[in-house]
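Numbering of the sequence shown is given in my numbering, commencing with residue 2 and proceeding in unit increments. Okay, so here's the structure we're looking at.
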Amino acid sequence: MSMKFRTLYIASLFLCLAPLPLQAQEATRMNNEGVEAFNQGEYSRAITLLEEAHALDQSSEAIRRNLCNAYQKKAELLAGDREFNLAVQILRKATKVDPKNISPLVQMGSYYLSQDRVSDAIDALENAIAITPGNLNAHELLGQAYYEDNDLYSARVQWDYVLALEPDRAGLQKRYDKAFREESVEQEFNRWKANHFTISYPRECPARLRSAITSILERAYLDVGRALGGSYPPSPVQVVLYTFEQFSEATRMEGHVGAVYDGKIRSPLTDADGEWIAEEELKRRLVHEYVHVIVRQIVGDKIPWWLNEGLAETLSKSLNAREIEQLRSIYEGDVALSLAAMESTQMEQRGPDELRRAYLQAHATVDMLWNRYGRNKMLAFMRGLSRGDSPEEVFQSVYRRNYAACEAEVAARYLY
Ligand SMILES: [Zn+2]
Numbered sequence: 002m003s004m005k006f007r008t009l010y011i012a013s014l015f016l017c018l019a020p021l022p023l024q025a026q027e028a029t030r031m032n033n034e035g036v037e038a039f040n041q042g043e044y045s046r047a048i049t050l051l052e053e054a055h056a057l058d059q060s061s062e063a064i065r066r067n068l069c070n071a072y073q074k075k076a077e078l079l080a081g082d083r084e085f086n087l088a089v090q091i092l093r094k095a096t097k098v099d100p101k102n103i104s105p106l107v108q109m110g111s112y113y114l115s116q117d118r119v120s121d122a123i124d125a126l127e128n129a130i131a132i133t134p135g136n137l138n139a140h141e142l143l144g145q146a147y148y149e150d151n152d153l154y155s156a157r158v159q160w161d162y163v164l165a166l167e168p169d170r171a172g173l174q175k176r177y178d179k180a181f182r183e184e185s186v187e188q189e190f191n192r193w194k195a196n197h198f199t200i201s202y203p204r205e206c207p208a209r210l211r212s213a214i215t216s217i218l219e220r221a222y223l224d225v226g227r228a229l230g231g232s233y234p235p236s237p238v239q240v241v242l243y244t245f246e247q248f249s250e251a252t253r254m255e256g257h258v259g260a261v262y263d264g265k266i267r268s269p270l271t272d273a274d275g276e277w278i279a280e281e282e283l284k285r286r287l288v289h290e291y292v293h294v295i296v297r298q299i300v301g302d303k304i305p306w307w308l309n310e311g312l313a314e315t316l317s318k319s320l321n322a323r324e325i326e327q328l329r330s331i332y333e334g335d336v337a338l339s340l341a342a343m344e345s346t347q348m349e350q351r352g353p354d355e356l357r358r359a360y361l362q363a364h365a366t367v368d369m370l371w372n373r374y375g376r377n378k379m380l381a382f383m384r385g386l387s388r389g390d391s392p393e394e395v396f397q398s399v400y401r402r403n404y405a406a407c408e409a410e411v412a413a414r415y416l417y
């Protein structure tokens with residue numbers, strides 16, 4: 002299972018200049034042409050013109066601001082294509098041109114968060130707030146960065162500040178409540194650091210289980226990273242482990258949910274009867290959630306539900322005989338869902354039986370695509386999706402068939 006919420010920062014307004022006298026006239030002319038190019042959506046040309054204007058007249062605040070805005074707009078477009086590294090490079094130029102303006106720093110912080118570069122995000126946002134305290138976007142994002150770093154106290158300070166000034170801020174109260182429901186469950190937890198994971202766990206968790214979990218996660222880091230074309234997270238992944246009761250208290254998830262990734266991997270260690278979950282089962286759940294970490298890194302949030310869950314299932318376990326039998330009865334009984342119907346994360350709202358069937362179908366579909374058409378096509382599909390095109394169009398251009406043909410191909414594997 003996977004969930005993700007994030008506020009994206011969007012760049013701002015544009016100024017037009019009145020003509021200036023003397024040697025600045027040429028700069029003004031370039032500036033005005035730059036503004037025109039910007040307004041026509043020709044951002045690269047706008048940047049060239051405004052850079053020239055700025056070189057001619059470095060004293061003009063308005064030219065600085067215009068150039069900064071043009072950089073920010075260009076960065077926003079790059080980020081839309083998940084070209085975050087290029088976007089950040091351009092924003093660095095923006096901060097040099099207009100150092101008193103914190104807006105490019107805030108934007109940079111938001112892109113670092115999208116890349117899970119949490120400590121870089123904290124640096125950029127703290128820097129922005131040091132220049133101009135009180136920008137609510139900056140404080141909210143800094144709170145998010147601390148939260149992702151599992152520094153809940155610092156997150157609370159930032160979010161309290163924002164909510165005091167703007168109690169109705171979109172979505173924040175909900176995230177605040179979620180974070181502090183988690184905090185109340187997790188405050189007595191211990192924490193240990195593995196190579197690529199920071200793991201919080203209830204004190205009663207036995208040492209042998211901790212070392213088994215470390216091996217499972219570090220192994221997943223290598224195996225899943227390699228399977229998905231050499232993808233590794235830039236910062237340690239936060240993992241929070243609970244007892245069965247703590248898990249439902251912290252996440253408000255129902256009993257049928259085995260584990261979740263919501264920016265942190267969360268999993269119970271015990272079952273409803275209070276027994277420690279067997280290592281094999283724990284491994285399946287943790288690897289499943291870790292696949293979500295890497296898939297999000299490659300595709301972002303624009304991933305169809307069936308692909309996200311299908312990859313997580315395919316890379317964490319094989320279909321067993323009972324599941325193959327269930328798939329046969331799904332396809333024989335003609336109760337299969339279409340891939341289009343399984344694109345939205347609203348799938349998770351369905352009843353447990355229907356959801357279980359959808360997971361099986363997602364697994365069967367990705368299993369077929371992965372084994373019959375290979376990893377490279379899957380990676381091409383994922384990269385196409387990251388650009389935000391419609392999933393079926395990307396699917397068709399990579400696999401040379403539409404959803405209906407793929408559905409029939411999957412069904413045929415289970416029908417005799
Ligand atoms: Zn999942």
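We put the beta carbon where it would ideally sit given N, CA and C, even for glycine. Given the structure is predicted, the values throughout are model-derived calculations rather than measurements.
With a cutoff of 8 Å, Y291 does not count as near ligand 1, since its C-beta is closer than that to no heavy atom of the ligand.
Between P269 and D150, the alpha-carbon positions lie close to 20 Å from each other.
According to DSSP, residue pairing for S201 in a beta bridge involves R192 and V241. Distance from the CA atom of E333 to the CA atom of Q298, rounded to whole angstroms, is 37 Å. Shortest gap from the CB of A71 to any heavy atom of ligand 1: 8 Å or more. In the DSSP annotation of this structure, R388 is not part of any alpha helix (DSSP H), being labelled neither H nor E. When secondary structure is reduced to three states using DSSP, P305 falls in the coil class, being assigned neither helix nor strand. If you look at P269, you'll find it in the beta strand (DSSP E) that goes I266 to P269. Going by C-alpha positions, G375 is about 14 Å away from R401.
E27 and L57 do touch by the CB rule: their CB atoms are close to 6 Å apart, below 8 Å. Segment contact: the segment 282 to 297 against the segment 329 to 343, fewer than three CB-CB distances shorter than 8 Å; contact not assigned.
Secondary-structure assignment with DSSP links W277 through a beta bridge to T271. The beta carbons of L320 and H364 sit closer together than 9 Å. At a Cβ-Cβ threshold of 9 Å, L386 and Q362 do not count as neighbours. At least 9 Å separates the beta-carbon of N70 from that of N32. Taking the C-beta atoms as reference points, R204 is found no nearer than 9 Å to A180.
Between ligand 1 and A359, a heavy atom-to-CB distance of less than 8 Å is absent.
Of all alpha-carbon atoms in E280, L218 and R373, the one lying nearest the alpha-carbon of I266 is that of L218. Put simply, the backbone Cα of G352 is about 50 Å away from that of N102. Residue range S104 to S115 is occupied by the alpha helix (DSSP H) that includes P105. The Cβ atoms of M379 and W371 sit closer than 9 Å to each other. For the pair Y113 and A63, the CB atoms are not nearer than the 9 Å cut-off. For Q239, the CB contacts under 6 Å within the same chain, skipping 5 residues up- and downstream, are N151, T199 and K265 in chain order. One alpha carbon belongs to R253, the other to H140, and they sit about 27 Å apart. Looking from the CA of A213, the closest CA among A279, S111, K97 and S249 belongs to A279. Between ligand 1 and the CB of N40, the shortest heavy atom gap is not smaller than 8 Å.
A straight line joining the alpha-carbon of M348 with that of A313 spans about 16 Å.
Rounded to whole angstroms, the Cβ separation of G110 and A129 is 7 Å, and the two are in contact under 8 Å. Close CB contacts of R118 within its chain, under the 7 Å cut and outside five residues either way in sequence, are with P235 and S236 (chain order). For E310, the shortest C-beta to heavy atom distance toward ligand 1 is below 8 Å. The Cβ-Cβ distance between Q108 and Q159 does not fall below 9 Å. A distance below 6 Å between beta-carbons, with the five flanking residues on each side excluded, links Q397 to the following residues of its chain, in chain order: N403. Taken in chain order, the unbroken stretches of alpha helix (DSSP H) that lie wholly in the segment 349 to 415 and span 4 residues or more are 353 to 387, 392 to 400 and 404 to 415. Within the same chain, C69, Y72, Q73 and P105 come within 7 Å of A95 by CB-CB distance, once the 5 residues on both sides are set aside. Apart from the 5 residues on each side of it in sequence, E310 sits with its Cβ closer than 7 Å to the Cβ of Y360 and A363 in its chain, given in chain order.
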